[in-house]
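One structure is given below, encoded as structure tokens.
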Amino acid sequence: MGMLPSQPEECEYRTNEFQNDDSIIKENKKDFNIMIRLLIPLLLATCLFGEGKRLSFDQVQGKSPFKYARLGMMVWFPNENAFLTWGKDIFKGDIVKVTFPERDTIEFVDSTAFYLKGQKLKVSSFRFDKSGNKLLLLSDRKRIWRHSYYGTYHVLDIESKKIQKVSEKNAELRNVKFSPDGHKIAYVRKDQNLYSYDLVKHREKQLTSNGSDVISNGHFGWVYEEEFGSFDAYRWSPDSRYIAYWEEDQSQVPIFTMFDEMELYPTTKKIRYPKAGQPNPSMKIFVVDVKKGRRKSMNIGDVKDTYYPWMEWTAEKKLTVMRMNRLQKHWEFLTVATKSGKSISGLSESDEA
Numbered sequence: 048m049g050m051l052p053s054q055p056e057e058c059e060y061r062t063n064e065f066q067n068d069d070s071i072i073k074e075n076k077k078d079f080n081i082m083i084r085l086l087i088p089l090l091l092a093t094c095l096f097g098e099g100k101r102l103s104f105d106q107v108q109g110k111s112p113f114k115y116a117r118l119g120m121m122v123w124f125p126n127e128n129a130f131l132t133w134g135k136d137i138f139k140g141d142i143v144k145v146t147f148p149e150r151d152t153i154e155f156v157d158s159t160a161f162y163l164k165g166q167k168l169k170v171s172s173f174r175f176d177k178s179g180n181k182l183l184l185l186s187d188r189k190r191i192w193r194h195s196y197y198g199t200y201h202v203l204d205i206e207s208k209k210i211q212k213v214s215e216k217n218a219e220l221r222n223v224k225f226s227p228d229g230h231k232i233a234y235v236r237k238d239q240n241l242y243s244y245d246l247v248k249h250r251e252k253q254l255t256s257n258g259s260d261v262i263s264n265g266h267f268g269w270v271y272e273e274e275f276g277s278f279d280a281y282r283w284s285p286d287s288r289y290i291a292y293w294e295e296d297q298s299q300v301p302i303f304t305m306f307d308e309m310e311l312y313p314t315t316k317k318i319r320y321p322k323a324g325q326p327n328p329s330m331k332i333f334v335v336d337v338k339k340g341r342r343k344s345m346n347i348g349d350v351k352d353t354y355y356p357w358m359e360w361t362a363e364k365k366l367t368v369m370r371m372n373r374l375q376k377h378w379e380f381l382t383v384a385t386k387s388g389k390s391i392s393g394l395s396e397s398d399e400a
């Protein structure tokens with residue numbers, strides 16, 4: 048099965064070029080060192096026995112003659128033929144707006160707007176709310192697995208240029224998203240629980256309470272991230288009143304010990320990792336009323352050895368959920384009535400190859 052990123056931060060990770068973030072640089076250096084260890088023997092063999100041009104040590108170590116142009120970070124401007132990106136030259140450090148087809152470039156947010164209480168935020172990426180009136184700013188990004196990450200988040204009001212924290216404790220948040228009306232933000236904390244934050248009342252509300260080392264609410268674990276490229280496991284309803292989310296239970300998944308020898312002192316890390324024939328995480332889907340805090344379980348059928356990698360709201364306040372067997376040879380779409388929790392099967396496809 049291919050990758051199924053559908054949420055802003057999932058697509059953002061794959062398309063945006065982060066900058067001004069030391070953690071990103073450190074991660075990239077580590078990945079680069081691993082790549083060099085693997086490539087140097089091959090390159091040396093090519094230089095010694097091949098008939099092509101020899102590569103110098105500097106070229107192998109980073110000054111590559113095979114570099115290619117990169118577009119860099121782009122955030123499309125809502126309802127306009129324009130996008131935002133990081134400025135260069137006289138606009139360096141600023142966010143600039145580029146319009147099409149004229150390709151006019153103007154300063155959109157001056158870098159001085161990134162100061163809060165005298166401290167400058169090291170913003171590595173940004174994202175609009177649906178109206179285009181606010182920007183969600185990410186800084187201090189820390190990788191979790193291949194795609195997922197924690198970060199510190201602020202909201203910038205574009206008109207007033209005022210910045211506010213996403214909750215009082217705004218560090219190490221993940222899967223941070225505006226509600227469709229732009230009045231609230233939802234996110235997952237390290238306690239594995241889902242929260243919402245009212246940007247007007249400056250009030251946080253905890254939406255789940257059973258998060259633990261084996262129960263995750265609102266984010267996927269390692270298996271779904273590797274299999275489907277997804278890590279964001281909740282969806283705002285179009286009217287901003289409800290959130291549909293996955294609850295992942297890894298209690299039956301065996302523990303695997305990873306060994307990291309790339310650091311100065313090697314470390315080990317234990318993760319829930321299902322080898323072939325071992326139990327996968329089980330999934331449940333709930334819908335929670337953001338205002339009242341009430342949640343309801345959705346009847347999606349068998350939750351053992353079954354994947355539920357994709358879900359979206361429809362215009363009729365229903366959910367469309369993808370269900371797939373573990374071999375990934377059969378999938379079907381379920382239509383779920385969120386009021387009753389009942390589901391019916393719809394479109395399906397099988398491949399016996």
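Numbering of the sequence shown is given in our numbering, commencing with residue 48 and proceeding in unit increments.
Ideal placement from N, C-alpha and C gives every residue a C-beta, glycine not left out.
Inset, instruction - Within 10 angstroms of the Cβ of A160, are there 16 or more other Cβ atoms? Answer buried if so, exposed if not. - result: buried
Inset, instruction - Compute the beta-carbon to beta-carbon distance between Y281 and N222, rounded to the nearest angstrom, for a pair I have assumed lies under 8 Å. - result: 7 Å
Legend entry - Whole-number beta carbon distance between E359 and T367, since they are thought to touch under 8 Å: 6 Å
Inset, instruction - Quick one: grab the DSSP three-state call for S401. - result: Since the displayed the chain opens at 48 and closes at 400, residue 401 lies outside it and no answer follows.
Inset, instruction - Enumerate in chain order the residues of its own chain whose CB-to-CB distance from E399 is below 8 Å, with the five nearest sequence positions on each side excluded. - result: K376
Legend entry - Nearest to Q299 (by Cα), restricted to the options G324, G276 and G229: G324
Inset, instruction - May I have the straight-line CA-CA distance separating K351 from M330, to the nearest angstrom? - result: 8 Å
Legend entry - Close-in-space but distant-in-sequence residues of the same chain around K189 (CB under 8 Å, 5 per side omitted): S70, Y196, Y197, G198 and E219
Inset, instruction - Count the CB pairs spanning the stretch 279-296 and the stretch 332-345 that are closer than 8 Å, and state whether there are at least three. - result: yes
Inset, instruction - Go ahead and label G276 buried or exposed: buried means 16 or more other beta carbons lie within 10 angstroms of its beta carbon, across all protein chains shown. - result: buried
Inset, instruction - Reducing DSSP to helix, strand and coil, say where Q325 ends up. - result: coil
Legend entry - Three-way DSSP call (helix, strand, coil) for Q375 in this model: coil
Inset, instruction - Enumerate in chain order the residues of its own chain whose CB-to-CB distance from I72 is below 8 Å, with the five nearest sequence positions on each side excluded. - result: Any reading at I72 must be qualified, since the residue scores a pLDDT of 48, below 50, and its modelled position is unreliable; the value itself is stated next. None.
Legend entry - Buried or exposed (CB count within 10 angstroms, at least 16 for buried), F173: buried
Legend entry - Classification of H194 by the beta-carbon crowding that lies within 10 angstroms, buried from 16 upward: buried
Legend entry - Beta-carbon contacts of L163 that lie in its chain and below 6 Å, excluding the five residues immediately before and after: I210
Inset, instruction - Ignore the nearest five residues each way along the sequence and tell me which others in R61's own chain have a CB closer than 6 Å to its CB. - result: Because the pLDDT of R61 is 46, which lies under 50, any placement of that residue in the model is unreliable, and the number read from its coordinates should be weighed accordingly. Cβ within range, chain order: n/a, list empty.
Inset, instruction - In angstroms with no decimal places, state the Cα-to-Cα distance between N264 and L241. - result: 6 Å
Inset, instruction - Measure the Cβ-Cβ separation of T382 and I391 and say whether it is below 8 Å. - result: yes
Inset, instruction - Go ahead and pull the three-state DSSP assignment for S3. - result: Nothing can be reported for residue 3: it is not among the residues displayed for the chain, which extend from 48 to 400.
Inset, instruction - State the start and end residues of the unbroken alpha helix (DSSP H) segment that holds Y271. - result: W269 to F275
Inset, instruction - Note down, in chain order, each residue of its chain lying with its Cβ closer than 8 Å to the Cβ of G268, except the 5 sequence neighbours on either side. - result: E295, Q297, R319 and P328
Legend entry - Three-state secondary structure assigned by DSSP to D238: coil
Inset, instruction - Report the residue ranges of all alpha helix (DSSP H) runs contained in full by the stretch 285-364; include only those spanning at least 4 residues, in chain order. - result: none
Inset, instruction - Using 10 angstroms around the beta-carbon of P125, count the other beta-carbons present and answer buried if the total reaches 16, otherwise exposed. - result: exposed
Inset, instruction - Return helix, strand or coil for I137, following the three-state DSSP convention. - result: helix
Legend entry - Exposure label - A233; buried when at least 16 CB within 10 Å: buried
Legend entry - Y312 burial status per 10 Å Cβ neighbour count (16 or more: buried): exposed
Inset, instruction - Using beta-carbon positions only, say whether D141 and D151 come within less than 8 Å of one another. - result: no
Legend entry - Backbone secondary structure at T159 - three-state DSSP: helix
Legend entry - Boundaries of the beta strand (DSSP E) in which V223 is found, first to last residue: R221 to F225
Legend entry - Opposing strand residues paired with V368 [DSSP bridges]: M358 and L381
Inset, instruction - Compute the beta-carbon to beta-carbon distance between G340 and K252, rounded to the nearest angstrom, for a pair I have assumed lies under 8 Å. - result: 7 Å
Legend entry - CB-CB length for Y200 against L182, believed under 8 Å: At roughly 11 Å, the Cβ-Cβ gap does not stay under 8 Å, so Y200 and L182 are not in contact.
Inset, instruction - Would you list, in sequence order, the uninterrupted beta strand (DSSP E) runs of no fewer than 3 residues that lie entirely inside the stretch 164-203? - result: 170-175 and 181-190
Legend entry - Backbone secondary structure at D260 - three-state DSSP: coil
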